[in-house]
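Line by line, the protein sequences are chains A, B, C and D. Residues in the first sequence are numbered from 48 upward in steps of one, following the numbering used here. Residues in the second sequence are numbered from 48 upward in steps of one, following the numbering used here. Residues in the third sequence are numbered from 48 upward in steps of one, following the numbering used here. Residues in the fourth sequence are numbered from 48 upward in steps of one, following the numbering used here. Positions of the beta carbon are idealized from the N, C-alpha and C atoms, including for glycine. Source: prediction; values computed, not measured.
Protein chains: 4
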Amino acid sequence: METTSNSTDSFDRIQDGDNIYIIFDPKRKWLVTVKSGKQFHSHKGFFNYDDIIGKKFGTIVLTNKSTKLAILRPIPIDYLRQISHSSQIIYEKDAGAILLYGGIFPGAKVIETGTGSGALTAIIANFVKPHGQVYTYENRENAYLTASKNIALLGLNEYVSLKNKDALEGYDESDVDSVVLDLGDPCLLIEQAYIALKPSGVMSIFVPTYNQVERVYHELLKYPFIEIKAIELIEREIQLKDNAIRPKTWMMVGHTGFLIFARKLQTDKESVKHSQKEEIGENESS
Amino acid sequence: METTSNSTDSFDRIQDGDNIYIIFDPKRKWLVTVKSGKQFHSHKGFFNYDDIIGKKFGTIVLTNKSTKLAILRPIPIDYLRQISHSSQIIYEKDAGAILLYGGIFPGAKVIETGTGSGALTAIIANFVKPHGQVYTYENRENAYLTASKNIALLGLNEYVSLKNKDALEGYDESDVDSVVLDLGDPCLLIEQAYIALKPSGVMSIFVPTYNQVERVYHELLKYPFIEIKAIELIEREIQLKDNAIRPKTWMMVGHTGFLIFARKLQTDKESVKHSQKEEIGENESS
Amino acid sequence: METTSNSTDSFDRIQDGDNIYIIFDPKRKWLVTVKSGKQFHSHKGFFNYDDIIGKKFGTIVLTNKSTKLAILRPIPIDYLRQISHSSQIIYEKDAGAILLYGGIFPGAKVIETGTGSGALTAIIANFVKPHGQVYTYENRENAYLTASKNIALLGLNEYVSLKNKDALEGYDESDVDSVVLDLGDPCLLIEQAYIALKPSGVMSIFVPTYNQVERVYHELLKYPFIEIKAIELIEREIQLKDNAIRPKTWMMVGHTGFLIFARKLQTDKESVKHSQKEEIGENESS
Amino acid sequence: METTSNSTDSFDRIQDGDNIYIIFDPKRKWLVTVKSGKQFHSHKGFFNYDDIIGKKFGTIVLTNKSTKLAILRPIPIDYLRQISHSSQIIYEKDAGAILLYGGIFPGAKVIETGTGSGALTAIIANFVKPHGQVYTYENRENAYLTASKNIALLGLNEYVSLKNKDALEGYDESDVDSVVLDLGDPCLLIEQAYIALKPSGVMSIFVPTYNQVERVYHELLKYPFIEIKAIELIEREIQLKDNAIRPKTWMMVGHTGFLIFARKLQTDKESVKHSQKEEIGENESS
């Protein structure tokens with residue numbers, strides 16, 4: 048049998064400084080950093096981090112109260128759930144669509160505005176690494192500081208350039224592969240996003256209301272974009288219970304927002320606006 | 048202004064052998080490979096590939112009939128739409144969820160069964176490269192040959208190990224980060240998937256019916272999995288039309304399937320089954 | 048055993064002039080009127096109406112080609128599906144919500160604008176009879192004639208006052224229990240609808256786009272309405288198939304429209320507008 | 048102008064013994080009975096019922112604390128929301144579908160099992176009156192007593208026959224137009240429901256899980272039913288707020304249940320089962 052990860056064996060074992068995801072049950076989970084010589088404490092008891100250092104991720108540890116805790120290696124999605132909710136949240140389903148529709152790939156250069164708590168930043172950073180970079184702008188100092196802490200905690204400093212700066216003053220980067228806008232009034236940044244994108248690059252915009260969908264759409268039409276598309280994703284969790292499979296009765300999140308995507312054409316504005324209306328990129332409706 | 052991609056400038060220009068995405072309008076698009084000395088033909092006229100070689104992606108080309116065609120660099124999602132529909136299709140929304148919930152990341156080792164047309168294979172390969180690998184199993188020779196052609200066409204051979212082999216005979220790999228099952232009866236492969244996964248690794252299973260959700264759930268309970276979760280994603284496209292913003296009237300895809308996720312615990316089976324029922328990983332319902 | 052319908056036994060037997068619903072399979076169904084001395088013809092063969100007169104609804108008849116056809120008594124929903132699609136259609140799910148949220152009941156006086164093909168008219172008429180009445184306005188002569196034919200065919204003339212008249216010129220009725228608006232620009236009729244409603248009466252408005260939801264909402268705020276509410280209903284048909292229960296893969300109708308409801312307060316406009324904003328009927332959002 | 052309701056003018060004025068719906072704001076509403084000589088009390092103050100007797104529904108009354116309360120005539124839907132939640136609830140959207148797909152009409156004879164709190168009973172009674180009747184079975188004495196109280200409170204005694212009796216012992220009625228099953232195990236009652244229905248009558252079954260959808264479907268196939276259909280309705284409330292129209296962020300009800308409908312054929316069982324499989328009523332899936 049071919050072992051696919053011999054070279055990364057140490058990666059599979061818990062080390063001092065690793066982030067770990069501790070699970071007691073579906074409602075009690077903690078994302079923490081292993082600190083040799085210290086302890087993890089909860090109302091379920093405590094254990095010494097040294098007891099798990101060197102063990103494989105996926106192990107189970109007993110607390111002093113004989114409570115069993117599972118130790119998992121966090122995947123990016125876990126960050127989303129644990130990062131402090133200091134700002135509007137992009138949900139997993141929406142983050143997944145941004146990865147796919149938004150032209151994100153390992154090695155990509157991505158601009159994000161605003162950073163918020165850094166949750167989406169962390170997701171994207173995990174998918175552009177090791178050679179890509181997320182340039183993320185946040186003009187509110189509080190959010191900037193929270194995001195800085197979160198990105199550092201997650202060990203993503205290398206892949207994230209976090210800027211406490213108003214994107215309205217212009218982006219520092221150009222020729223990026225993807226721009227992601229998730230802020231109060233994305234219309235104000237569409238021109239700058241168009242300029243910063245490389246031709247054929249993709250813009251993703253998250254907005255909560257229909258009014259914003261309409262305004263963003265009208266703003267996008269002013270520039271040579273193509274493949275303009277808007278979607279909404281609805282996630283239903285399915286109850287897994289013996290002889291009682293069904294959508295969960297209580298779905299707490301009824302609506303997060305709409306996602307709008309567009310791709311940049313490399314052309315002078317006038318010629319494209321003309322072509323767009325007549326021949327290319329008509330957004331036909333059913 | 049910091050130019051983020053000086054070193055990749057040639058990457059931004061169309062070259063012989065590149066895949067390009069040609070767009071006439073939302074319903075007429077083609078994913079083709081640039082061949083110096085040859086022509087692209089459609090009912091909208093033709094153009095010489097040499098006319099676009101050296102231009103930037105995002106350009107517009109005129110056919111001999113003066114039709115304007117946009118030339119984009121394809122993003123992975125475009126592959127999904129263009130790959131031949133020879134097999135059950137994983138949809139974009141579902142692929143996005145598999146990336147996020149399924150523990151995929153750049154550098155990951157991923158087993159997929161079955162390959163089908165290679166559409167999901169291509170998506171995943173694009174997100175594990177450059178250092179990761181997708182090991183994909185397909186026992187039907189026709190599908191295998193189609194997928195081989197598709198993966199080669201997309202230039203992903205380096206990141207994909209495509210096997211015309213029945214996964215029931217066992218996986219060749221071990222200690223993989225993620226296993227994705229999308230085949231008729233995934234229950235048959237759950238034990239082997241458990242074995243092949245590294246501890247803390249994630250399994251993603253796509254099934255179209257509720258009966259399969261139930262069977263998969265019961266099969267998963269036989270092994271030390273945690274964080275078992277099932278979801279359904281519903282995608283609604285929003286009509287972008289002046290003064291008439293609304294969900295599109297005709298949504299062709301009413302249901303694709305359900306996604307089930309689970310993470311492997313590293314423990315002897317008995318101890319975990321015990322702990323799972325009593326304390327860890329209860330899948331509580333609302 | 049108590050027989051609940053002795054007195055209506057003849058009602059249970061097929062008579063000359065009855066509407067019947069003939070079913071061959073889920074895709075081939077016909078809503079026709081029994082005509083003694085004549086025949087029903089289809090590509091599945093023919094039968095004489097006299098062969099079924101006197102039989103109970105629910106019987107099965109053989110055509111000359113030995114094809115079995117089921118003969119059902121139509122329920123209102125069947126009319127909706129069979130009435131010619133000459134105009135925007137209100138769907139079953141939306142009609143059901145209008146009955147419940149729209150203040151319809153046996154004996155109710157209801158104004159409807161516009162009539163369209165008469166499909167919703169027929170549904171409502173079936174639920175206000177025998178003592179209620181639907182006053183329905185249609186200014187397009189073609190639609191008026193189609194609806195007249197449909198209402199007569201369904202034997203509902205007694206419960207429907209169909210008017211080929213522009214509702215903008217004012218309603219002939221006052222103190223009605225319910226007003227249902229389903230036309231291009233419902234905002235134009237909200238004042239007249241307010242006037243025609245009895246205090247505590249309910250208005251139901253069907254609109255396809257979000258832009259209209261917003262305009263209708265703003266128009267409603269100009270009058271003393273309370274309990275203003277907007278909903279969208281999404282209907283998923285479930286595939287019933289052995290061991291393959293799931294939402295149907297192809298859901299043809301992705302969106303029909305939004306329903307807005309409001310109830311009339313009996314008060315002078317100024318006092319209510321004041322109270323509405325400060326204390327009553329605030330449409331709080333989550 | 049034609050006044051449609053001269054004869055019912057007294058019906059429009061509030062009288063002693065009427066049920067009224069008192070609204071302070073969207074979250075504080077009360078369904079109560081007017082009692083001459085008594086007072087309505089809430090934390091917003093009190094008023095004397097005699098102050099509103101003789102006024103039109105839709106009026107506004109001031110409490111001793113100068114709070115404005117709107118007085119509406121309740122529509123059936125209001126009962127649903129106010130009736131005590133002592134049992135599984137059928138939601139408005141589902142009740143609307145049962146009215147339309149379930150063959151309910153003014154004058155209909157309907158059997159319901161179980162009664163629960165009487166909420167659906169009340170809805171149906173309101174749509175079969177004045178000449179129809181709901182025969183409703185409830186074997187749990189507590190629920191029976193609650194429902195009796197609710198039905199009496201709503202003034203529906205004349206249209207409801209409420210029975211504290213186990214339907215498994217057989218229905219007292221025959222030749223009914225419609226049977227509605229909403230209880231733990233509807234499969235146990237399908238044969239009796241088939242017997243009680245008149246030919247061409249309709250059965251409606253509400254079940255919360257997919258497992259039950261499958262079991263009910265298999266049970267229905269044992270009898271000569273046609274037009275078997277299952278649906279799920281999803282209701283999204285739309286936030287009505289200036290410049291912020293969108294689906295509400297928090298949708299509390301993610302899933303109520305599935306509705307299954309079937310119509311009775313009048314034939315001996317064997318002949319129909321045969322025809323159903325070969326020619327009639329195949330439930331084709333997409």
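Query                                                                                                                                                                          : Result
Indicate whether Gly304(D) and Asp125(D) have their beta-carbon atoms separated by less than 8 Å.                                                                              : no
Out of Thr296(A), Tyr206(A), Lys269(A) and Asp232(A), point me to the one whose CA is closest to Val175(A)'s CA.                                                               : Tyr206(A)
So which of Phe272(C), Pro271(C), Lys295(C) and Ile278(C) has the shortest CA-CA distance to Ile278(D)?                                                                        : Lys295(C)
Anyone know if the C-beta pair for Ala172(D) and Val181(D) falls short of 8 Å?                                                                                                 : yes
Within 8 Å of any Cβ in chain C, is that where the Cβ of Ser251(D) sits?                                                                                                       : no
With 16 as the cutoff for other CB atoms within 10 Å, does Asn111(A) come out buried or exposed?                                                                               : exposed
For a cutoff of 8 Å on Cβ pairs, would you count Glu329(C) as touching chain D?                                                                                                : Note that Glu329(C) scores 36 on pLDDT, short of 50, meaning its location in the model is unreliable; the coordinates nonetheless yield the value given after this. It does: the Cβ of Glu329(C) has a partner Cβ on chain D nearer than 8 Å.
Heavy atom of the ligand NAP less than 7 Å from the Cβ of Arg293(B), yes or no?                                                                                                : Ligands are entirely absent from the displayed structure, and the ligand NAP is therefore not among its contents.
Take the Cβ of Lys156(A) as the centre, count every other Cβ of all protein chains shown within 10 Å, and call the residue buried at 16 or more, exposed below.                : buried
With distances taken Cα to Cα, identify the nearest neighbour of Phe104(B) among Ser89(A), Glu261(A), Ile130(A) and Asp224(A).                                                 : Asp224(A)
Could you round the C-beta distance between Glu238(C) and Tyr270(C) to whole angstroms and report it? I think they count as a contact, below 8 Å.                              : 7 Å
Cutting at 8 Å between CB atoms, please list the residues of its own chain near Gln286(C), excluding the five before and the five after it.                                    : Ile292, Arg293, Pro294, Lys295 and Thr296
Quick check on Thr314(D) - is its C-beta less than 8 Å from some C-beta in chain C?                                                                                            : yes
Determine the closest residue to Trp77(A) out of Asn66(A), Gly84(A) and Glu188(A), with distance taken between C-alpha atoms.                                                  : Asn66(A)
Taking Cβ to Cβ, would you say Tyr218(D) is nearer than 8 Å to Ala190(D)?                                                                                                      : no
What alpha helix (DSSP H) runs, 4 residues minimum, are completely inside the stretch 181-240 of chain A?                                                                      : 188-200
How long is the line joining the alpha carbons of Val260(C) and Ile307(C), rounded to whole angstroms?                                                                         : 8 Å
Taking Tyr257(C) as the query, report the chain E residues whose CB atoms sit under 7 Å from its CB, ordered along the chain.                                                  : The chain inventory of the structure shown lacks chain E, comprising the protein chains A, B, C and D.
Excluding sequence positions up to five away, which residues of its chain have a Cβ less than 8 Å from the Cβ of Asp63(C)?                                                     : Val81, Lys82, Ser83, Tyr96 and Ile100
Taking DSSP as the reference, what is the three-state secondary structure of Gln135(A)?                                                                                        : Because the pLDDT of Gln135(A) is 48, which lies under 50, any placement of that residue in the model is unreliable, and the number read from its coordinates should be weighed accordingly. Looking at Gln135(A) - three-state DSSP - the assignment turns out to be coil, as it is neither helix nor strand.
Please report the distance separating the alpha-carbon of Arg262(D) from that of Ala240(D).                                                                                    : 16 Å
Can you list, in chain order, the residues of its chain whose CB lies under 8 Å from that of Glu188(A), leaving out five sequence neighbours each side?                        : Asn211
Leaving out the 5 sequence neighbours to the left and right, which residues in its chain are closer than 7 Å to Thr162(A) when beta-carbon positions are compared?             : Thr168, Thr183, Tyr184, Glu185, Ala190, Tyr191, Ala194 and Leu209
Who are the near neighbours of Glu139(B) in its chain, counting only those whose CB is closer than 7 Å to its CB and skipping five residues on each side?                      : Ile124 and Leu127
Only counting runs of 3 or more residues, tell me where the beta strand (DSSP E) segments fall wholly within the stretch 249-287 of chain D, in order along the chain.         : 272-286
I want to verify the contact list: residues of chain D whose CB lies under 9 Å from the CB of Asn173(C), in sequence order.                                                    : Phe152 and Pro153
Would you verify that the beta carbon of His265(B) is, or is not, closer than 8 Å to some beta carbon of chain C?                                                              : no
Kindly provide the ranges of any alpha helix (DSSP H) runs that are 4 or more residues long and lie completely inside the stretch 135-174 of chain A, ordered along the chain. : 139-148
Among the candidates Lys196(D), Asp289(D), Ala166(D) and Asn204(D), whose CA atom is the shortest distance from the CA of Asp229(D)?                                           : Ala166(D)
What are the residues that DSSP puts in a beta bridge with Pro294(D)?                                                                                                          : Ile285(D)
Comparing the C-beta of Gly101(C) with each C-beta of chain D, is any distance below 8 Å?                                                                                      : no
Going by DSSP, what residues sit across from Gly92(B) in a beta bridge?                                                                                                        : Ser89(B)
How would you list, in chain order, the residues of chain A whose beta-carbon sits under 8 Å from the beta-carbon of Phe87(B)?                                                 : Within 8 Å Cβ-Cβ: nothing; Phe87(B) doesn't reach chain A, min ~16 Å.
Please report whether the beta-carbon of Ser83(C) lies at a distance below 8 Å from any beta-carbon of chain D.                                                                : no
Under the three-state reduction of DSSP, which class applies to Arg120(A): helix, strand or coil?                                                                              : coil
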